[in-house]
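Residue numbers for the sequence shown follow the working numbering, so the first one is 38 and each next one is one higher.
Backbone N, C-alpha and C fix where the C-beta goes; we use that ideal spot for every residue, glycine too.
Computed from a predicted structure; not experimentally measured.
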Amino acid sequence: MADGLSVFLVEDEALIRMMMADMVEELGHHVVAEADNVRDASAYAMTAQYDFAILDINLMGVYVDPVADLIERRGKPFLFATGYGPELLPSLLRRRPILRKPIALDQLKTMIDSLFPDAAAKVPQ
């Protein structure tokens, strides 16, 4: 992990997705796959090589929980980034970390560091 973590980013708003990708890069990690809809996100969830995923809850009116289920089956960590609350998620997914939009860089860093405490020390500052 000397080069940071690899991130799968799922967000339907292009500008928000670009901003989040920039934030991930600024923190020393890299985005390896991006999707803006459930179909593409489901394919990447099962095939892309990533350390963790950041998922918007609502993608063009479709909830992301099928994608979250696929990621969970692979044993990969993920978090939600959303303007919505956890009440929109199936009860089994409500225990996952949630970042409220708009997301600040320090909030994203804190969340990633909590998911990967060992990686925080290895990322160049």
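- The beta carbon of Val61 lies closer than 6 Å to those of Val44 and Val68 in the same chain, with the five residues before and after it left out.
- Judged by DSSP secondary structure, Glu71 falls within the beta strand (DSSP E) whose first and last residues are His67 to Ala72.
- Secondary structure of Ile140 (DSSP, three-state): coil.
- Across the structure, Ala70 and Lys113 are spaced so that their CA atoms are roughly 14 Å apart.
- Your pair Leu46 and Met57 checks out as a contact, with CB atoms roughly 6 Å apart and the cut at 8 Å.
- About 15 Å separates the Cβ atoms of Pro103 and Ser128, ruling out a contact at the 8 Å cut-off.
- CA-CA distance, Thr147 to Val101, rounds to 23 Å.
- DSSP places Ile91 outside any alpha helix (DSSP H); the residue lies instead in the beta strand (DSSP E), whose first and last residues are Phe89 to Leu92.
- DSSP, reduced to helix, strand and coil, places Leu152 within a helical segment of the structure shown.
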